Amino acid sequence: MDLEILIENVLNALTAGITIGCIYGLMCIGLGLIFGVMRVVNFAQGELLMLGMFASLYLVTGGGVLAFLGPSYGPFIGAILAGPVVFVAGTLLHRFLIARVSGLRTAGTLDEGHFGQLVVTLGISLILQNGGLIVFGSTPVTVRTPLASSAFDITGFYGDATIFLNKARLIACVVSIVTAIGLYLLLEYTRLGKALRAAADNPTAATYMGIDVERAYRIAFGLGSGITAIAGGLMATYLSFGPFIGLDYVIIMYSGVVLGGMGSILGAFWGGLTVGFVQQCSSLILPPQLQNAAIFVVFLLIVLLRPQGLFGRSAERA
């Protein structure tokens, strides 16, 4: 292979890995937030991603709610607005189902409610998948934007080697980073964020301090659902999807969260970024069918060398 072509392929794989990895990072933050605050392993997180995609689709196309924004930027506003929609759905799920098998109700039980959580979230996943099949149908759809078929051309690195930055992915990457920063500021510097961190660190002490721990858990579950939904809406601008797409990405989410360190929001983002980076760079030497295998090779290496993840703690919090 000509050196110039090789350099061009490598540079494009690196940039694609960064842009897609940032979206994966946002996707992983939602799952990491739910586990970090509530210690709930949510198998339905992939279906919340799917709901975000369809919420964005119907906000853009259903009734023309966002038609006045035009086809270029309406889909990205739709992706952002999908967050509040799925936030409400997430809080309702927690209020009527997840709260029954998590939180203070299960404190002191033999398994801390984890067995119930696995069964309930798996059941929610199956219901949302098949309910989505009934409501949305099985035909793959996408949130159409002309930006998905255009790119910025950057030259001058080595001869005629050119980097192609897909405009839809680039905007989605920027929105992901801004959303992640916004969530970080919310958790670090607001009263709500302090309440969520207190409920995560020591729910009993938080209760004595007057914090409504169950409400904090409900908000955390809603935020985690909404953040993942925004990532789903952003992904919908450049790929087709259906009711069962959550199955393809729930493994990626768990890989990113474990790579970053269970319970670390920053680690979840970097874990998702790592997954996207490895996935795209592996395409240089592996066929598409083996890209996920490359992810798990890196995953196993990091777990072998650093079991607590990149940013995780080796000991449980008090």
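Residue numbers (numbering that gives the first Met the number 0): 0 to 317. The beta-carbon is built from N, C-alpha and C at its ideal position, and this holds for glycine as well. Treat the numbers as computed from the prediction; the structure is a model and nothing was measured.
- If the five residues before and after A219 are omitted, its C-beta is found closer than 7 Å to the C-beta atoms of L32, I33, V36, M37 and L195, all from its own chain and listed in chain order.
- Here N41 carries a coil assignment [DSSP, helix/strand/coil].
- Within the same chain, and ignoring the five residues on either side of V257 in sequence, the residues whose Cβ sits closer than 8 Å to its Cβ are G270, F298, V302 and G308.
- DSSP places D152 in the strand class (E or B) of the three-state scheme.
- Each residue's CA atom was taken as its position, placing E46 and G73 some 23 Å apart.
- Looking at the DSSP output, N129 shares a beta bridge with no other residue.
- For the pair I210 and L289, the Cα-to-Cα distance works out to about 48 Å.
- For N11, the three-state secondary structure derived from DSSP is helix.
- Linking V174 to A228 through their CA atoms gives a straight-line distance of about 13 Å.
- At the C-beta level, I226 and I28 come within 8 Å of one another.
- Going by C-alpha positions, F276 is about 26 Å away from S71.
- In the structure shown, the three-state DSSP call for T227 is helix.
- Secondary structure of N165 (DSSP, three-state): strand.
- In the three-state reduction of the DSSP assignment, F310 falls in the coil class, being assigned neither a helical nor a strand state.
- Taken atom to atom, the span from the alpha-carbon of L182 to that of D1 is near 45 Å.
- Rounded to whole angstroms, the gap between the alpha carbons of A198 and G192 is 10 Å.
- Short of 8 Å from the beta carbon of L265, and not among the five residues preceding or following it, lie these beta carbons of its own chain, in chain order: Y183, G259 and F310.
- Under DSSP, F240 shares a beta bridge with V140.
- For F95, the uninterrupted alpha helix (DSSP H) segment begins and ends at G69 to F95.
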